[in-house]
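Asks: One structure, pasted below without further comment.
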Amino acid sequence: MGPSVWSIIVILLIVVLLFGTKKLRNVGGDLGSALKGFKKALSDDDTDTDKKEADKSDADFESVEHKSDSDKTVKPTETKTTTKE
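Once you know that position 31 of the sequence shown is 1134 in this note's numbering, the rest is easy, because the numbers rise by one and skip nothing.
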């Protein structure tokens, strides 16, 4: 069916004897920090994507009536150009 409890205990005992508890702690700590960094990167990516989608959906548009009214009131300005001699 699968490995029994005794076979798992024997395998763990052999691994501890081969590598030692100090090295296994270091490997476990490194693995934990790598997983933590990976999860943080995923959550940062999700928040960046959510912000971009929110910026696109929050756009304010003027109605056509307001735009046509403002076009009538805008007067062109005169500009003077100077040239160096």
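Cβ coordinates follow ideal geometry from the N, Cα and C atoms, glycine included.
Return helix, strand or coil for T1186, following the three-state DSSP convention.
Replies: Position 83 of the sequence shown, counting from 1, holds the residue named residue 1186. The answer is coil: DSSP assigns T1186 none of H, G, I, E or B.
Asks: For S1110 and T1150, I'd like the C-alpha separation in whole angstroms.
Replies: The residue labelled residue 1110 in the question sits at position 7 within the sequence shown. The residue labelled residue 1150 in the question sits at position 47 within the sequence shown. For S1110 and T1150, the distance between alpha carbons rounds to 45 Å.
Asks: Output yes or no for whether 9 Å exceeds the beta carbon distance between L1127 and V1113.
Replies: Residue numbering aside, residue 1127 sits at position 24 when the sequence shown is read from its first letter. Residue numbering aside, residue 1113 sits at position 10 when the sequence shown is read from its first letter. Contact flag unset, no.
Asks: Taking the C-alpha atoms as reference points, what is the distance between F1141 and T1185?
Replies: Stepping through the sequence shown from its first residue, residue 1141 is reached at position 38. Stepping through the sequence shown from its first residue, residue 1185 is reached at position 82. Each residue's Cα considered, the two are about 60 Å apart.
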